[in-house]
Structure formats: C-alpha cells, structure tokens
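2 protein chains.
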Amino acid sequence: MAKNVIGILGGMGPAATADMFQKFIKLTPAHCDQDHIPLLISSIPDIPDRTECILHGGEDPESVMEKYVHGLENAGATCIIMACNTAHYWFDHLKAKSHVDMLSIIDATIDEVIATGKQKIGLLATDATLATGLYKKRIEEQGLTFIRPNEESQKKVMESIYLLKSGETEHSIELMSQQRDELTKQGAEVIILGCTEVPIILAKDMENQPHLYVDSTLALVRSAIKWYQLH
Amino acid sequence: MAKNVIGILGGMGPAATADMFQKFIKLTPAHCDQDHIPLLISSIPDIPDRTECILHGGEDPESVMEKYVHGLENAGATCIIMACNTAHYWFDHLKAKSHVDMLSIIDATIDEVIATGKQKIGLLATDATLATGLYKKRIEEQGLTFIRPNEESQKKVMESIYLLKSGETEHSIELMSQQRDELTKQGAEVIILGCTEVPIILAKDMENQPHLYVDSTLALVRSAIKWYQLH
Chain U
-4 MAKNVIGILG GMGPAATADM FQKFIKLTPA HCDQDHIPLL ISSIPDIPDR
46 TECILHGGED PESVMEKYVH GLENAGATCI IMACNTAHYW FDHLKAKSHV
96 DMLSIIDATI DEVIATGKQK IGLLATDATL ATGLYKKRIE EQGLTFIRPN
146 EESQKKVMES IYLLKSGETE HSIELMSQQR DELTKQGAEV IILGCTEVPI
196 ILAKDMENQP HLYVDSTLAL VRSAIKWYQL H
Chain W
-4 MAKNVIGILG GMGPAATADM FQKFIKLTPA HCDQDHIPLL ISSIPDIPDR
46 TECILHGGED PESVMEKYVH GLENAGATCI IMACNTAHYW FDHLKAKSHV
96 DMLSIIDATI DEVIATGKQK IGLLATDATL ATGLYKKRIE EQGLTFIRPN
146 EESQKKVMES IYLLKSGETE HSIELMSQQR DELTKQGAEV IILGCTEVPI
196 ILAKDMENQP HLYVDSTLAL VRSAIKWYQL H
C-alpha cells in the first residue's frame, strides 16, 4: 500500500471532481502508471446542496460530508481535500473531526492570488461562497481590492453553474463569459474561479488568457501534490 | 449515505480511470449533482504492472489489488468494477475474496459484441490480455471469428499504450490508428477496444466511426449503471 494517499471529497458535483482528477494526472510528471499521485476519490453526490443550506435554510450537508471524509480515511487516505469551494464553509469543523491532514482550497487559491502580484481581484463563485465571505475577507486582509459581480450579474453566474450541473454546457459557457467581462469592466486584473464548476465552464478561455485567471481547482491540486512530495 | 455505491478499482492507469469516471457522468441522465451515480474511485497506481507479471514473471499484483478492493469496501462500495482489462486475469480470485458484488469488463464487452450481430471480431489489447485468452475464448465460444494483430503490429499496439501512459498522446494515436487499419484489412467488422487506455487513444475516431468499435470501458460503465438501477 502506498504510504500516502490523497483523498478527494467530491461529488459536489461529479464533473468538478472529474476535472480535479484530470488536473492531478496532467500536473504529475509521470513516465508510467506507478509515477502518479495515489488518489482515493469519493464522488457520492447525495450531499445536500451547500448553497441551499447556507442561503435558504436547506438540509445541512455537514454530517454527510463527515461520513464521506471518514470513508476516505477507512480506505487509506492520509490527506483529504474537497473539490468544492462552497463546502469550505464547513472546512474547520470537518478538519477538527478528521483523523488525517486536510488542505483548504481557499488557502491554496489565496496563495496563488498573492503570487500574481495584482491588486484588483475579481471572483466568480456561488451565491453562498459570496455570502460566507470566504474569499472577500482573505483578499482584503492582504490589502487587495475585492471585486464581485453586481447583483444582476451574480444571478447569471449561478444560472451558468446550475446549467453545467444539468449538462447544458454551451449556454453555461455563454452566460459565464459575459459575467467574466462584467468583472474586467469593473477593473478586475485577475479573476478567481472560486467554484470548481467554473474552470470547466471557462476551460477554453483559460487556455487563451491564462494570466487572467486563478483556478481554485488547479491551486488545490498543486498544493496537494506539494504535500505529497513533502511527506 | 447512499444505499449503493459503485467502487472503481483503478490506477491501471490513472488516465483510463479518469476516462471511466467521465463516462459515468456522460451516460447518467442527471439534472443536478444528486442524480449522479455514487462512485468511489481508487486510483492508487502502485499496483505492479499486470503485463510484466503475466508475461515476464514480474511482481504479482494480486495482493495489492485485493487490499484496494477491501479499501473500497471499507469506504462504502457495494459493487466493484476494475478499470483494466488485463487485471481481469485475477478477476475470479478477487471476486471470491471480495465481500460485495463485482462486475467483469469481459462479460460486459462480450455482451455488447454479441449485440452488434457482426461475425469477425478484432481486438486491440495488451500482450498479456492476448496471452491469457480472456477475449479469444469467449468470442470463439459464440461461434464468432477472433482476429488479432499480427506479431509486428501487436508490438506497436503495446508501444502505443505505453506512450499514452507516459503522456505522449500524439505519437500514441498515430501508432494505434495504423494497427486498427491492420485489423480491418484482416477483415474485422467490429474492433474491441480491450484495454482501457485504447478508447482514450482512439477517442476522436470513435466519434467518427462509432459502429466500428466496442469500447470495453463504456460497456462496463453501462453494465454498472444497470446494476445500480436494479439494486
């Protein structure tokens, strides 16, 4: 058995989890199967909707997430990451209950934002991630300017995310691209893709304008690979 | 916790495992996260090379595979599938030791081959899958004609598979396409992609000529989705 195994608490949604898996493969310099980072992936999607809980008093996902964290531990994971930004509202609680190390997508992303050296930081994320201030506080602590979509535009960000989750990719891309433009019009020099569905939606544009974005999924994958190499 | 969870014993290699994950997502009619099939994926790639063991007396992968099967069970999997054709050499042993149901990629693929109604069946697979006769016996039992690449061509099939595993995709595609043409020249009406790396290599051509291929990964995913819907 591999000494260390990265566990991914996913399923929020499955497409974002698969994207994270692909990014592990792409970022690992490997000459054969055995060179790749050992991963255990939980993509059990019956975790109650995070945004529904935070904003509308919907069912609390924490106990289900905790079960799946322990499932990953039981299967052999020695460090756990979550493929969902909004779920990080419960990160400190889950980390306290986990028997292994956990790495935060917010920490990993903020580190990459700081490394860009830019001042005006836009955010594409769910309503709930905005409401919890997960990113806003951390950005302003650094003396940087936080830029979010206006209310009308944020509604379309959410619509685009749920369109992707239901498989309507093209309409999703069109809507999200417009909201990205709205952020750059407001002066954003760098845009955090702060929902793990968004890097899937904007995948093509990320190839064209790599310096415009900080992809939270990629940031967390890089941070997990670093953890693995150090342990 | 979801009542049933499909466990994927993967990592042989990781790219094939990610391809299987993506195929679950694509084949599931889902309107939201919660509609997707619950999956637990083990992509721990330190399983000794299957072909090396079968053909050259390399380290036996069975005990490591068994550990990871139990890891998936411990995390909550209630039915396990393996994202590797060659590994099915050990399928009966692993199934006997597993505490949950297991579905075979060979069974699933042969069912889809029969459903095509074609007589002349080509196979693109590893040397070891050929040597074990996993597919040949089953095809001939059905009164169908089994067609394999000639010796020179089979060397290139292997080269293409290992090129993909080391990330050299373009050269891998070029080589595999030539071997596919060699099989159709021999009269193959349908070609089994009987190594889970091969559907990745021939992904574009599968879109162009869907009726030429039976993709073992897709066949196993369809069989697992059917299992899930029945249980």
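Taken in sequence, the protein lines are chains U and W. Per the working numbering, the very first residue in the first sequence carries number -4; after that it's consecutive. Per the working numbering, the very first residue in the second sequence carries number -4; after that it's consecutive. The beta carbon of each residue, even a glycine, is placed where N, CA and C say it ideally should be.
{"Item": "Which residues bound the alpha helix (DSSP H) around U/ILE156?", "Value": "146 to 160"}
{"Item": "If the cut-off is 7 Å on Cβ atoms, which residues from the segment 47 to 78 of chain U count as contacting chain W, listed in chain order?", "Value": "LYS62, GLY66, LEU67, ASN69, ALA70, GLY71"}
{"Item": "What does W/SER161 reach in chain U if we use C-beta pairs closer than 8 Å?", "Value": "ALA25, HIS26, CYS27"}
{"Item": "First and last residue of the beta strand (DSSP E) that includes W/ASP96?", "Value": "96 to 98"}
{"Item": "Hey, how far is the Cα of U/THR81 from the Cα of U/CYS74?", "Value": "19 Å"}
{"Item": "In the segment 168 to 220 of chain U, which residue ranges form an unbroken alpha helix (DSSP H) of at least 4 residues, counting only runs that do not cross its ends?", "Value": "193 to 196, 198 to 203"}
{"Item": "Please go through the same chain and pick out, in chain order, the residues whose beta-carbon is closer than 6 Å to the beta-carbon of W/ALA214, but skip the five residues on each side of it.", "Value": "ALA103, THR104, GLU107"}
{"Item": "Taking DSSP's pairing of strands, which residues face U/GLY2 in a bridge?", "Value": "U/LEU35, U/ILE75"}
{"Item": "Contact check, U/SER148 vs U/GLN174 under 8 Å by CB: the rounded distance?", "Value": "5 Å"}
{"Item": "Once the 5 residues before and after W/ARG133 are set aside, which same chain residues still bring their CB inside 8 Å of it?", "Value": "ILE101, ILE105"}
{"Item": "Does chain U have any CB closer than 8 Å to the CB of W/ASP41?", "Value": "yes"}
{"Item": "List the residues of chain W that U/LEU170 touches, going by C-beta distances under 8 Å, in chain order.", "Value": "The premise fails here: U/LEU170 is roughly 17 Å from chain W at the closest Cβ pair, so nothing lies under 8 Å."}
{"Item": "Determine, using beta carbons only, whether U/VAL152 comes closer than 8 Å to chain W.", "Value": "no"}
{"Item": "Measure the alpha-carbon distance for U/PHE86 versus U/ASP55 and round it to whole angstroms.", "Value": "14 Å"}
{"Item": "Look at the alpha carbon of U/SER155 and the alpha carbon of U/LEU197, and state the distance between them as a whole number of angstroms.", "Value": "11 Å"}
{"Item": "Here's the rule: buried if 16 or more other CB atoms are within 10 angstroms of the residue's CB, otherwise exposed. What is W/LEU67?", "Value": "buried"}
{"Item": "By the DSSP assignment, the beta strand (DSSP E) with W/LYS115 in it spans what residues?", "Value": "115 to 119"}
{"Item": "Might you give, ordered along the chain, the residues of its own chain that have their beta carbon closer than 6 Å to the beta carbon of U/TYR130, omitting 5 neighbours on each side?", "Value": "LEU118, GLY189"}
{"Item": "Closer than 7 Å by beta-carbon distance: list the chain U residues that pair up with W/GLN17, in chain order.", "Value": "ALA13"}
{"Item": "I believe U/MET15 touches U/ILE3 by the beta-carbon criterion, under 8 Å. Please report the beta-carbon distance rounded to the nearest angstrom.", "Value": "6 Å"}
{"Item": "Tell me the DSSP bridge mates of W/THR140?", "Value": "W/LYS115"}
{"Item": "Is there a Cβ of chain W sitting closer than 8 Å to that of U/VAL0, yes or no?", "Value": "yes"}
{"Item": "For W/LEU158 and W/SER167, I'd like the C-alpha separation in whole angstroms.", "Value": "5 Å"}
{"Item": "Using a Cβ cut-off of 7 Å, pull out every chain W residue sitting near U/PRO194, in sequence order please.", "Value": "By Cβ distance, chain W contributes nothing, its closest Cβ being about 15 Å from U/PRO194, past 7 Å."}
{"Item": "Could you check where the alpha helix (DSSP H) with U/TYR63 kicks off and where it finishes?", "Value": "57 to 70"}
{"Item": "Closest to U/GLY53 by C-alpha separation, out of U/ASP44, U/ALA91, U/GLY71, U/ALA72, would be which residue?", "Value": "U/ASP44"}
{"Item": "How would you call U/SER58, buried or exposed, if buried means at least 16 neighbouring beta carbons within 10 angstroms?", "Value": "exposed"}
{"Item": "What did DSSP end up calling U/ILE42 once you bin it into helix, strand or coil?", "Value": "coil"}
{"Item": "What is the DSSP secondary structure of U/CYS48, counted as helix, strand or coil?", "Value": "helix"}
{"Item": "At a CB distance below 9 Å, what residues from the segment 116 to 145 of chain U approach chain W? Give them in sequence order.", "Value": "none"}
{"Item": "Just the Cα atoms here: how many angstroms apart are U/PHE19 and W/GLY71?", "Value": "24 Å"}
{"Item": "U/ILE156 touches chain W at which residues, Cβ-Cβ below 9 Å?", "Value": "Per Cβ cutoff of 9 Å: no residues; U/ILE156 is ~11 Å from chain W at best."}
{"Item": "On the CB-based measure, 16 or more other CB atoms within 10 Å of its CB, does U/ASP176 come out buried or exposed?", "Value": "exposed"}
{"Item": "Which whole-angstrom value is the C-beta distance of U/ALA13 and W/ALA120, which I expect to be below 8 Å?", "Value": "Not a contact, Cβ separation roughly 25 Å."}
{"Item": "Let me know the secondary structure DSSP gives W/THR127 once reduced to three states.", "Value": "helix"}
{"Item": "Please report the distance separating the alpha-carbon of W/VAL64 from that of W/VAL0.", "Value": "13 Å"}
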